[in-house]
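Input: a single structure, listed below in structure tokens.
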Amino acid sequence: MKVTREEVAKHAGVSPATVSYVLNNSRNVSEETRKRVLEAVEKMNYKPDLIARSMVTKETKQLSIILNDIANPFFSEIILAFENAAIERGYFVNICTGYKNIDDYFDHFISRRIDGICVLAIPNKFHMDKIYDLVDKGIKVVVSGNAEADIKRVSLIENDYINAMDQAIRYLMELGHREIAYVSGLSSSQKFDRRIEGYLKALKKYNLSCGDRLLIEGKAPYNTTIMDGYYITKELISTGKFFTAVICTNDLMAVGAMRALQEAGYSVPDDVSVMGFDDIFLSDIWQPPLTTMSVPKTLLGTKAFELLYGNIKKGNTGFYMTKPELVVRKSTDVCKHTSRSKQ
1 MKVTREEVAK HAGVSPATVS YVLNNSRNVS EETRKRVLEA VEKMNYKPDL IARSMVTKET
61 KQLSIILNDI ANPFFSEIIL AFENAAIERG YFVNICTGYK NIDDYFDHFI SRRIDGICVL
121 AIPNKFHMDK IYDLVDKGIK VVVSGNAEAD IKRVSLIEND YINAMDQAIR YLMELGHREI
181 AYVSGLSSSQ KFDRRIEGYL KALKKYNLSC GDRLLIEGKA PYNTTIMDGY YITKELISTG
241 KFFTAVICTN DLMAVGAMRA LQEAGYSVPD DVSVMGFDDI FLSDIWQPPL TTMSVPKTLL
301 GTKAFELLYG NIKKGNTGFY MTKPELVVRK STDVCKHTSR SKQ
């Protein structure tokens with residue numbers, strides 16, 4: 001027989017309303033009372049009626065995360081941190097993957113009255129108008145990595161890719177590199193991501209003559225897998241342009257880049273140094289271990305939830321920027337060549 005809220009209240013020696021306050025975290029309740037209620041809930045295996053509760057509180061306690069590539073370990077660390085923070089606040093998190101299905105997801109969010117969504121990656125700004133439609137319907141949104149998002153309407157968490165790319169270029173220059181290529185899975189027309197902007201700014205800042213001639217861009221909205229790194233690097237090699245270092249949009253692309261370089265007869269890092277972005281857990285065990293710009297993924301996930309939660313509870317949007325840091329491993333080394341020939 002199903003246990004009722006009233007029975008839990010009687011067992012804990014409190015009112016039914018107090019049980020609701022504790023379970024919803026909606027009012028200040030003494031720690032002693034909260035403990036009694038939670039012990040009663042656990043002992044009696046009480047399962048609150050979520051539908052009925054949502055009708056009263058106007059909250060479904062449902063959140064969703066949208067991401068492009070669930071196969072990328074970068075996102076799994078962020079999702080885990082976001083979900084752990086959400087669970088502590090009594091929320092259930094749905095995971096939605098694949099930008100081709102985004103339109104269907106948006107309709108689902110509205111029909112299910114989702115409290116909030118976290119957008120980890122959407123190509124370009126194709127769907128920002130629809131995101132703003134969700135906001136207009138009362139759904140709170142936090143967006144990660146879209147530099148063009150309107151922070152008056154959605155919360156934004158961003159990685160400081162301008163500074164991170166500056167660090168990467170400066171580090172490679174200290175190793176003697178001057179011909180530094182960028183293998184991008186994104187297009188320069190996609191202004192939401194600032195890695196290309198950071199690359200070009202750093203080249204200009206440090207008076208590197210390679211300009212944008214060593215920038216090889218992705219052709220589709222989102223090309224950031226291992227195989228994308230492989231094929232885009234093959235395209236770079238086929239141009240015949242001289243380079244001694246390659247920076248990639250992320251670590252997965254860097255692995256593909258190393259494979260393409262090795263197939264073409266280049267040794268990493270003796271002939272060409274390779275860097276990635278993200279510092280996923282696999283970066284340290286690849287051969288050679290990958291030098292990368294480390295993004296604080298757990299912090300990113302936790303902050304994303306905190307911004308979304310603050311918006312849900314107080315109606316305030318917010319902004320937070322993470323600071324990627326250089327992690328030096330074995331895929332980079334001092335520049336040994338000043339021309340195409342290996343000397």
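Counting along the sequence shown from 1, when you hit position 167 you're at 167 in my numbering, and nothing is skipped either side.
In this text, a Cβ means the ideal position worked out from N, Cα and C, and glycines have one as well.
Which whole-angstrom value describes the C-beta separation of residue i and residue j, a residue pair presumed to lie in contact below a C-beta threshold of 8 Å?
i    : j    : result
D258 : S331 : According to the sequence displayed, residue 258 carries Met and not Asp. Going by Cβ atoms, the distance from M258 to S331 rounds to 7 Å, so yes, they are a contact pair.
A304 : F92  : Actually they do not touch by this definition, with Cβ atoms about 16 Å apart.
L80  : G301 : 7 Å
Y161 : R195 : 5 Å
S283 : H177 : Between H177 and S283 the Cβ distance is about 20 Å, and since that is not below 8 Å, they are no contact.
In the DSSP assignment, what are the bridge partners of residue i?
i    : result
N94  : S64
G276 : T292
I247 : Y182, M275
By DSSP, does residue i sit in helix, in strand, or in coil?
i    : result
I70  : coil
L215 : strand
L208 : coil
V327 : strand
H337 : coil
F242 : coil
T322 : strand
Q262 : helix
S20  : helix
Y402 : With the chain covering only 1 through 343, there is no way to say anything about residue 402.
S30  : coil
Q343 : Caution is warranted here: a pLDDT of 39 is assigned to Q343, below 50, making its placement in the model unreliable, and the coordinate value is therefore given only provisionally. In the structure shown, Q343 sits in coil (DSSP, three-state: anything other than H, G, I, E or B).
V56  : Only weak support is given to the placement of V56: the predicted model assigns it a pLDDT of 49, under 50, and the value that follows is read from those uncertain coordinates. Helix.
Y46  : coil
S283 : helix
D346 : Because residue 346 is not part of the residues shown, which for the chain are 1 to 343, the question remains open.
N344 : Here the chain covers residues 1 to 343 and nothing more, so residue 344 does not appear.
N311 : helix
Going by the C-beta, is residue i closer than 7 Å to any heavy atom of the ligand NAD?
i   : result
L23 : By its list of ligands, the structure shown contains no ligand whatsoever, and the ligand NAD lies outside what it can speak to.
Looking at C-alpha atoms only, which residue of the options is the closest neighbour of residue i?
i    : options                : result
T4   : E32, K35, E42, E31     : E42
V142 : K61, G116, N159        : G116
V119 : C96, M173, D104        : C96
Q262 : F242, G240, H108, Q287 : Q287
Y199 : M128, I247, R153       : I247
G265 : L252, S238, S283       : S238
D219 : C210, G145, L186, G310 : Looking at the sequence itself, residue 219 is Lys, so the reference to Asp does not match. Out of C210, G145, L186, G310, L186 has the C-alpha closest to the C-alpha of K219.
S20  : G13, E31, V37          : V37
I312 : E32, A71, V268, V135   : V135
T33  : D271, I131, H11        : H11
D104 : A85, R89, H127, K204   : H127
D193 : A121, S155, A260       : A121
Runs of beta strand (DSSP E) wholly within the stretch 103-185 (minimum 3 residues, chain order): The stretch 103-185 contains these whole beta strand (DSSP E) runs: 116-119, 140-144, 155-159, 180-183.
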